[in-house]
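Peer 1: Chains as they are written, first to last, in my numbering: chain A, -15 to 382; chain B, -15 to 382; chain C, -15 to 382.
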Amino acid sequence: MEKIKNLIAGLGELNFENMYNDDFFLTWDKTDDELKAVFAVADILRAMREENISTKIFDSGLGISLFRDNSTRTRFSFASACNLLGLEVQDLDEGKSQVAHGETVRETANMISFMADVIGIRDDMFIGKGHTYMQEVSKAVQAGHAEGVLEQRPTLVNLQCDIDHPTQCMADLLHLVHYFGGVENLKGKKLAMTWAYSPSYGKPLSVPQGVIGLMTRMGMEVILAHPEGYDVLPEVEEVAKANVEKNGGSFTKTNSMKEAFEGADIVYPKSWAPFAAMEKRTDLYAQGDSDGIKALEKELLEENAKHKDWECTEEMMALTNEGKALYLHCLPADITDVSCTAGEVAKTVFDRYREPLYKQAGFKPYIIAAMMFLSKVKDPVATFDALLEADKKRFAGK
Amino acid sequence: MEKIKNLIAGLGELNFENMYNDDFFLTWDKTDDELKAVFAVADILRAMREENISTKIFDSGLGISLFRDNSTRTRFSFASACNLLGLEVQDLDEGKSQVAHGETVRETANMISFMADVIGIRDDMFIGKGHTYMQEVSKAVQAGHAEGVLEQRPTLVNLQCDIDHPTQCMADLLHLVHYFGGVENLKGKKLAMTWAYSPSYGKPLSVPQGVIGLMTRMGMEVILAHPEGYDVLPEVEEVAKANVEKNGGSFTKTNSMKEAFEGADIVYPKSWAPFAAMEKRTDLYAQGDSDGIKALEKELLEENAKHKDWECTEEMMALTNEGKALYLHCLPADITDVSCTAGEVAKTVFDRYREPLYKQAGFKPYIIAAMMFLSKVKDPVATFDALLEADKKRFAGK
Amino acid sequence: MEKIKNLIAGLGELNFENMYNDDFFLTWDKTDDELKAVFAVADILRAMREENISTKIFDSGLGISLFRDNSTRTRFSFASACNLLGLEVQDLDEGKSQVAHGETVRETANMISFMADVIGIRDDMFIGKGHTYMQEVSKAVQAGHAEGVLEQRPTLVNLQCDIDHPTQCMADLLHLVHYFGGVENLKGKKLAMTWAYSPSYGKPLSVPQGVIGLMTRMGMEVILAHPEGYDVLPEVEEVAKANVEKNGGSFTKTNSMKEAFEGADIVYPKSWAPFAAMEKRTDLYAQGDSDGIKALEKELLEENAKHKDWECTEEMMALTNEGKALYLHCLPADITDVSCTAGEVAKTVFDRYREPLYKQAGFKPYIIAAMMFLSKVKDPVATFDALLEADKKRFAGK
Chain A
-15 MEKIKNLIAG LGELNFENMY NDDFFLTWDK TDDELKAVFA VADILRAMRE ENISTKIFDS
45 GLGISLFRDN STRTRFSFAS ACNLLGLEVQ DLDEGKSQVA HGETVRETAN MISFMADVIG
105 IRDDMFIGKG HTYMQEVSKA VQAGHAEGVL EQRPTLVNLQ CDIDHPTQCM ADLLHLVHYF
165 GGVENLKGKK LAMTWAYSPS YGKPLSVPQG VIGLMTRMGM EVILAHPEGY DVLPEVEEVA
225 KANVEKNGGS FTKTNSMKEA FEGADIVYPK SWAPFAAMEK RTDLYAQGDS DGIKALEKEL
285 LEENAKHKDW ECTEEMMALT NEGKALYLHC LPADITDVSC TAGEVAKTVF DRYREPLYKQ
345 AGFKPYIIAA MMFLSKVKDP VATFDALLEA DKKRFAGK
Chain B
-15 MEKIKNLIAG LGELNFENMY NDDFFLTWDK TDDELKAVFA VADILRAMRE ENISTKIFDS
45 GLGISLFRDN STRTRFSFAS ACNLLGLEVQ DLDEGKSQVA HGETVRETAN MISFMADVIG
105 IRDDMFIGKG HTYMQEVSKA VQAGHAEGVL EQRPTLVNLQ CDIDHPTQCM ADLLHLVHYF
165 GGVENLKGKK LAMTWAYSPS YGKPLSVPQG VIGLMTRMGM EVILAHPEGY DVLPEVEEVA
225 KANVEKNGGS FTKTNSMKEA FEGADIVYPK SWAPFAAMEK RTDLYAQGDS DGIKALEKEL
285 LEENAKHKDW ECTEEMMALT NEGKALYLHC LPADITDVSC TAGEVAKTVF DRYREPLYKQ
345 AGFKPYIIAA MMFLSKVKDP VATFDALLEA DKKRFAGK
Chain C
-15 MEKIKNLIAG LGELNFENMY NDDFFLTWDK TDDELKAVFA VADILRAMRE ENISTKIFDS
45 GLGISLFRDN STRTRFSFAS ACNLLGLEVQ DLDEGKSQVA HGETVRETAN MISFMADVIG
105 IRDDMFIGKG HTYMQEVSKA VQAGHAEGVL EQRPTLVNLQ CDIDHPTQCM ADLLHLVHYF
165 GGVENLKGKK LAMTWAYSPS YGKPLSVPQG VIGLMTRMGM EVILAHPEGY DVLPEVEEVA
225 KANVEKNGGS FTKTNSMKEA FEGADIVYPK SWAPFAAMEK RTDLYAQGDS DGIKALEKEL
285 LEENAKHKDW ECTEEMMALT NEGKALYLHC LPADITDVSC TAGEVAKTVF DRYREPLYKQ
345 AGFKPYIIAA MMFLSKVKDP VATFDALLEA DKKRFAGK
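See below:
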């Protein structure tokens, strides 16, 4: 209980009033205090759940899930977060269709939102589309609320777009904060965000982009490594550079996986498709050119196959700081000899880090719940105090 | 709060006791007081939600959704209504199969209902099947309850059948009541329920049928307009005629869209397939005659294409009363140059009425919740008083 | 209320402490007291629901449903059980894929369980796989809990595996207990678990196996009847034999449906595929041999067709004790002249037993809820007393 009260007190010292009634799209659109508030609320919600104190703030209400591609884990994380707060999930199954004409987006957004408090969207398959779509939905429901069509202003949570993956990267960072024992202990740590070989192509860039866009705020030495031609979105690299200017630390790039792993404290080897190729794929899909898509796929797989040495092996791990860098992955990973013949990471490495990897994933439902909480609750400190006061049991079994 | 208490007092003056433990199939099976009770409860639920007062009357219980064709909006409306009252939605996914043999319907209905308080069914694709199916399900669960198989008698809500679309039309009417400032102000208003061109065929007749079956009770001048051959169910026209005999107003028909729009106060241009064609389609489906269905489709699209001038254009709107008739649509509409090349309505007309159109749609979750409420609650006035007394917050955030 | 208090008192006299934080896989892994506890809790939950007393013990929390083949009824039963206790169902849609590599099962199990209190799994299609898979999932979440990855230890309920169908057979037995007026009245009753003809092949063996594995504990004369070659799992026959050694009664086998029906008090004619054929099918699926599967299917249908006389006809029923044996089926049954030309049971027989058949099915949600309750609640008696004390209405309508 002492722990919870301290966390609440810490939350009370932050300035995050602009989060109320606002969406969460990109971490670099949020201030340092706003990010800290998300971490504090995530920790409070978890601590309260561990103490069997109910954190339901909704007696009824819907959390809309809008997934434009399949995702088990994120669906479960979002559903867990909604359930924790008392929202019921209602899924909008739109299929994989490209963004529809303007009017239809505005109409659909309002039609599903009459009793929606939160909307979680995942739209990461097409460069230049996902983030745009989310903003369109947000504008639509803001207008609906202003016009009196909607009684409440549903707030949006980005469950992954083409640019950023805030729920994942915030969970990753909170994991690092807990692992290293505090935000201050992250200063000066070397984090290697590297590409890794995968037998499948077309994995989204939002994780490496989200990582360099966020971790560069923590005074860390962040190094982005990938083979030539596997560049991420230039705009996000600019965000990373601006971050280190402001916060200290560094942001460098290299085409050598070894160089990135050299002395690293944290490694994040993960596959992605080249930004330029993903842009091309978007266009081909828009034209319905399935032959072109097949050709592009073949091309990308062949290019990938030139870089099978980009694997997080024991040899690579031995290069890190005392050979004991923390290995991160958003999961699921392509594990050599387990899920594929040659993959992102060797089996023995993955096995050794299995427990912290699962714990890394375990932060996500709380991060999502925290983002939702801060967007709906005007006075979180008073709300948490009231929940502690009420002391309703989450589980009433004796 | 004053507003809510007045609404509850108004509810108390109506006679609707037969709604308790009964289903809601067709509006013309309900008395005037029963329809007024639905409107009153819908308004009360909305007012309470606006005041952040929880309207949950179930601590647990299921609302079964049985959709025999795809529907996003109605699914969301039903889920919203269930959530508002405290029921959890459980969906029965039967596919698009035709009604199964008698015994299987009775068995399925009982097997899903052990903890079901409400069943919402949408079955509108096949003339002569949907309404029949719903009645079969109702008989099955009534028998189950009488036999002690089911502890409660699940009540049914018609979410659209081949005959009527009560949740839509009741929402439309409540929208009119609010828009024109009261039921009395509807008397003498001219409402044009007209056909409109659509590039797709096979849209259900339940909306025009539901509209003429309901609006003719309000003392309005209702005119049904469509090209020759696009007749609706004759039985429903008889209901409309009987209604105006009893309530005043009028019910006329015309093959001229212009004549219908002339001086209209309310216009409802919407496409539908000819009743006779839909009957034919039902038979072809039953025989599994996919070639016949394709041929019929081709035929219907060609016939539709002869009437592209049946579009709600600015010119048409200019014919209405001061050119300012209220434009209604159940959505989604086929909007010329937005969702199709030529459609039911011109873009500029649709855009001008966008806000009231969204508000029209916003009544549906409350209408559904009201129908459910009145079927489950014996004493709604006492129940609402208790909810006000308890004053539980829907959203407990501070 | 008196009835409820007596049931709770009865529960208090049993020893079932090992059920806390444990899974429910096979009935023969549970002691007599543990099975009695499930029946007592099922009866208490039902009685409380009949008295409109809420039995919610979770304010939030998820019940994960993992169905590896389609099932409407079991989905509804599981959802009803979760809803009764306050858990929200979250479905993991894995498709019909074979069990994945070890690491992936462990990872998936943990990734879905961060806020899961219960996991219900149905995996009965492949001999040697389902039960194994469930145990793997259980080990995975136990390890996750021990490692601090999961805050709670999700407990598993077997919603049907290749070996047993505990929720079905426990519901069947509770139905018998209520029908015959007490456990003692089952002693000496003859129960015929017989094969029956069905036009479809590949029905799981878990029902006949579950029945002989459970009913042989009740001092009944259990007879298993099937054509030659339709043997069930030998290990389960050993369980049955061991049961009657301990509890009295008998377990015999015959290839004559008549002999089984002769003087029976209870008959359970139901189709299943030969154990050996199901094993073969598992291998063919693993090899992706679709031609082999088609050939096997043809073979099995031809073999089935030799035994069309294995039908529960009026003549068969006339052989039973006073011709009035209780007819059982897990539903849906293949009813001659209703769902098929020739099936498991004649129409008139099925019709005559329709009501008790529906009541038999109605026990399942309560059995599942009871299994869940006993796995999560350390002190059920105190918990029930508290629920009675709180006296929260399930339905608050007046």
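Where a beta carbon is used, it is the ideal one built from N, C-alpha and C, also for glycine.
Return the residue from the list A:Ile(-12), A:Asp16 and A:Thr39 that minimises the CA-CA distance to Gly381 of chain B.
Peer 2: What you label residue 381 of chain B is simply residue 397 of the second sequence in a count that begins at 1. Nearest C-alpha to Gly381 of chain B: A:Thr39.
Peer 1: In its own chain, which residues sit with a C-beta less than 6 Å from the C-beta of Asp27 of chain C, not counting the 5 before and 5 after it?
Peer 2: Taking the first residue of the third sequence as 1, we reach residue 27 of chain C at position 43. Correct list, in chain order: Leu(-9).
Peer 1: Is the Cβ of Gly381 of chain B closer than 8 Å to any Cβ of chain A?
Peer 2: Numbered from 1 along the second sequence, position 397 holds the residue referred to as residue 381 of chain B. Gly381 of chain B counts as touching chain A.
Peer 1: Restricting to Cα atoms, I'd like to know which of B:Asn67, B:Asp321 and B:Thr58 is closest to Leu42 of chain B.
Peer 2: By 1-based counting over the second sequence, the position of residue 42 of chain B is 58. At residue 42 of chain B the sequence reads Phe, which differs from the Leu that was named. Of the listed residues, the one whose Cα sits closest to Phe42 of chain B is B:Asn67.
Peer 1: If we define contact as Cβ-Cβ less than 8 Å, is Arg265 of chain C a contact residue for chain B?
Peer 2: Counting from 1 along the third sequence, the entry for residue 265 of chain C is found at position 281. Chain B contact via Cβ: absent.
Peer 1: Give the interface partners of Lys362 of chain A over in chain B, defined as CB-CB distance under 9 Å, in chain order.
Peer 2: Residue numbering aside, residue 362 of chain A sits at position 378 when the first sequence is read from its first letter. Within chain B, the residues near Lys362 of chain A are Gly381 and Lys382.
Peer 1: Please go through the region 184 to 242 of chain C and give each complete beta strand (DSSP E) segment of 3 or more residues, from N-terminal end onward.
Peer 2: Listed in chain order, the complete beta strand (DSSP E) runs (minimum 3 residues) inside the region 184 to 242 of chain C are 205 to 209 and 234 to 238.
Peer 1: For Tyr4 of chain A, which of helix, strand or coil comes out of DSSP?
Peer 2: Within the first sequence, the letter at position 20 stands for residue 4 of chain A. Three-state DSSP puts Tyr4 of chain A in coil, outside helix and strand.
Peer 1: Is the beta carbon of Phe62 of chain A less than 8 Å from the beta carbon of Tyr269 of chain A?
Peer 2: Translated into positions along the first sequence, residue 62 of chain A becomes position 78. Translated into positions along the first sequence, residue 269 of chain A becomes position 285. Going by C-beta atoms, Phe62 of chain A is not nearer than 8 Å to Tyr269 of chain A.
Peer 1: Flag this pair as touching only if the region 118 to 130 of chain B and the region 89 to 107 of chain B have three or more C-beta atom pairs under 8 Å; answer yes or no.
Peer 2: The region 118 to 130 of chain B vs the region 89 to 107 of chain B: in contact.
Peer 1: Quick one: Cα of Asn305 of chain A to Cα of Asp369 of chain C, how far?
Peer 2: What you label residue 305 of chain A is simply residue 321 of the first sequence in a count that begins at 1. What you label residue 369 of chain C is simply residue 385 of the third sequence in a count that begins at 1. Roughly 58 Å separates the two Cα atoms.
Peer 1: Just verifying my parser: in three-state terms, what is the DSSP assignment at Leu50 of chain B?
Peer 2: Taking the first residue of the second sequence as position 1, residue 50 of chain B is located at position 66. If DSSP states are grouped into helix, strand and coil, Leu50 of chain B belongs with the strands.
Peer 1: With C-beta atoms as the reference, is Ile103 of chain B less than 8 Å away from Phe60 of chain C?
Peer 2: Along the second sequence, one-based indexing puts residue 103 of chain B at 119. Along the third sequence, one-based indexing puts residue 60 of chain C at 76. Against a cut-off of 8 Å, the Cβ pair of Phe60 of chain C and Ile103 of chain B comes out as no contact.
Peer 1: Taking Cβ positions only, does Asn5 of chain A come closer than 8 Å to chain B?
Peer 2: Reading the first sequence from its first residue, position 21 is the one you call residue 5 of chain A. No, Asn5 of chain A does not count as interfacial toward chain B.
Peer 1: Name the chain C residues whose beta carbon is nearer than 9 Å to that of Leu315 of chain A?
Peer 2: Against the first sequence, residue 315 of chain A aligns to sequence position 331. Going along chain C in sequence order, the residues near Leu315 of chain A (Cβ under 9 Å) are Glu91 and Met95.
Peer 1: So, for Gly(-4) of chain B: in the same chain, excluding its five sequence neighbours on each side, which residues have a beta-carbon less than 8 Å away from its beta-carbon?
Peer 2: The residue labelled residue -4 of chain B in the question sits at position 12 within the second sequence. Closer than 8 Å at Cβ, skipping near neighbours: Val365.
Peer 1: Of all the options A:Lys278, A:Asp107 and A:Glu135, which has the alpha carbon lying nearest to the alpha carbon of Asn94 of chain A?
Peer 2: Along the first sequence, read from residue 1 onward, the residue named residue 94 of chain A stands at position 110. For the residues A:Lys278, A:Asp107 and A:Glu135, the minimum Cα distance to Asn94 of chain A belongs to A:Glu135.
Peer 1: So, is the C-beta of Gly128 of chain C closer than 8 Å to a C-beta in chain A?
Peer 2: As a working mapping, residue 128 of chain C is identified with position 144 in the third sequence. By this cut-off, Gly128 of chain C is an interface position.
Peer 1: To test your reading of the DSSP string, which unbroken alpha helix (DSSP H) runs of 4 or more residues are found completely within the region 89 to 131 of chain C?
Peer 2: DSSP runs (the alpha helix (DSSP H)) wholly in the region 89 to 131 of chain C: 114 to 130.
Peer 1: Alpha carbon to alpha carbon, how far is Lys187 of chain B from Met262 of chain B?
Peer 2: For the purposes of this step, residue 187 of chain B is taken as the residue at position 203 of the second sequence. For the purposes of this step, residue 262 of chain B is taken as the residue at position 278 of the second sequence. Answer to the nearest angstrom: the Cα atoms are 9 Å apart.
Peer 1: Helix, strand or coil, according to DSSP, for Gln82 of chain A in the structure here?
Peer 2: The residue you call residue 82 of chain A lines up with position 98 of the first sequence. Caution applies to Gln82 of chain A, whose pLDDT of 37 falls short of 50 and renders its modelled position unreliable; the value that the coordinates give is listed next. If DSSP states are grouped into helix, strand and coil, Gln82 of chain A belongs with coil.
Peer 1: Which residues, in chain order, does the region 29 to 56 of chain B contribute to contact with chain A at a C-beta distance below 7 Å?
Peer 2: Here the close residues are Arg33, Glu34, Ser38, Lys40 and Thr56.
Peer 1: For chain A, find out if any of its Cβ atoms is closer than 8 Å to the Cβ of Met355 of chain C; answer yes or no.
Peer 2: On the third sequence, position 371 is the one that residue 355 of chain C refers to. Not an interface residue.
Peer 1: Could you check the C-alpha separation between Met202 of chain A and Val167 of chain A for me, to the nearest Å?
Peer 2: What you label residue 202 of chain A is simply residue 218 of the first sequence in a count that begins at 1. What you label residue 167 of chain A is simply residue 183 of the first sequence in a count that begins at 1. Going from the Cα of Met202 of chain A to the Cα of Val167 of chain A covers about 8 Å.
Peer 1: Given that Gly388 of chain B touches chain A, what residues does it touch there, using C-beta distances under 9 Å?
Peer 2: It is not possible to answer for residue 388 of chain B, since the shown part of chain B is limited to -15 through 382.
Peer 1: Chain A partners of Met74 of chain C, CB-CB under 7 Å?
Peer 2: On the third sequence, position 90 is the one that residue 74 of chain C refers to. According to the sequence displayed, residue 74 of chain C carries Gln and not Met. Near Gln74 of chain C (Cβ distances below 7 Å), the residues of chain A are Phe60 and Ala63.
Peer 1: Is the shortest distance between the beta-carbon of Ala180 of chain B and the beta-carbons of chain A less than 8 Å?
Peer 2: In the second sequence, the residue the question calls residue 180 of chain B occupies position 196. No, no contact with chain A.
Peer 1: I need the straight-line Cα distance from Ala248 of chain C to Gly233 of chain C, nearest angstrom please.
Peer 2: For this step, residue 248 of chain C is matched to residue 264 along the third sequence. For this step, residue 233 of chain C is matched to residue 249 along the third sequence. Their Cα atoms are separated by approximately 14 Å.
Peer 1: I need the straight-line Cα distance from Gly213 of chain B to Phe259 of chain B, nearest angstrom please.
Peer 2: Translated into positions along the second sequence, residue 213 of chain B becomes position 229. Translated into positions along the second sequence, residue 259 of chain B becomes position 275. Their backbone Cα atoms lie some 9 Å apart in a straight line.
Peer 1: Checking contacts by CB at 8 Å: is Ser323 of chain C closer than that to chain B?
Peer 2: The residue labelled residue 323 of chain C in the question sits at position 339 within the third sequence. Taking Cβ atoms only, chain B reaches closer than 8 Å to Ser323 of chain C, which makes this a yes.
Peer 1: Provide the residue span of the alpha helix (DSSP H) that contains Gln344 of chain B, from first to last.
Peer 2: As a first step, residue 344 of chain B is located in the second sequence; it is residue number 360 there, counting from the start. Taken as a continuous stretch (DSSP letters only), the alpha helix (DSSP H) holding Gln344 of chain B covers Arg338 to Gly346.
Peer 1: Identify the residues that DSSP records as bridge partners of Val167 of chain A: which are they?
Peer 2: Here residue 167 of chain A corresponds to residue number 183 of the first sequence, with the count starting at 1. BP columns for Val167 of chain A are empty, so no partner.
Peer 1: Answer with buried or exposed for Gln271 of chain B, where buried requires no fewer than 16 other C-beta atoms within 10 angstroms of its C-beta.
Peer 2: Taking the first residue of the second sequence as position 1, residue 271 of chain B is located at position 287. Gln271 of chain B should be labelled exposed.
Peer 1: Examine chain C for any beta-carbon lying closer than 8 Å to the beta-carbon of Tyr342 of chain A, and answer yes or no.
Peer 2: Locating residue 342 of chain A in the first sequence gives position 358, where the first residue counts as 1. Yes, Tyr342 of chain A counts as interfacial toward chain C.
Peer 1: Between which two residues does the alpha helix (DSSP H) harbouring Pro364 of chain C extend?
Peer 2: Locating residue 364 of chain C in the third sequence gives position 380, where the first residue counts as 1. Segment Pro364 to Ala374, the alpha helix (DSSP H) holding Pro364 of chain C.
Peer 1: Return the chain-ordered list of same chain residues with a C-beta closer than 6 Å to the C-beta of Leu175 of chain B, the five sequence neighbours on each side being excluded.
Peer 2: Residue numbering aside, residue 175 of chain B sits at position 191 when the second sequence is read from its first letter. The residues are Met199, Met204, Val206 and Ile250.
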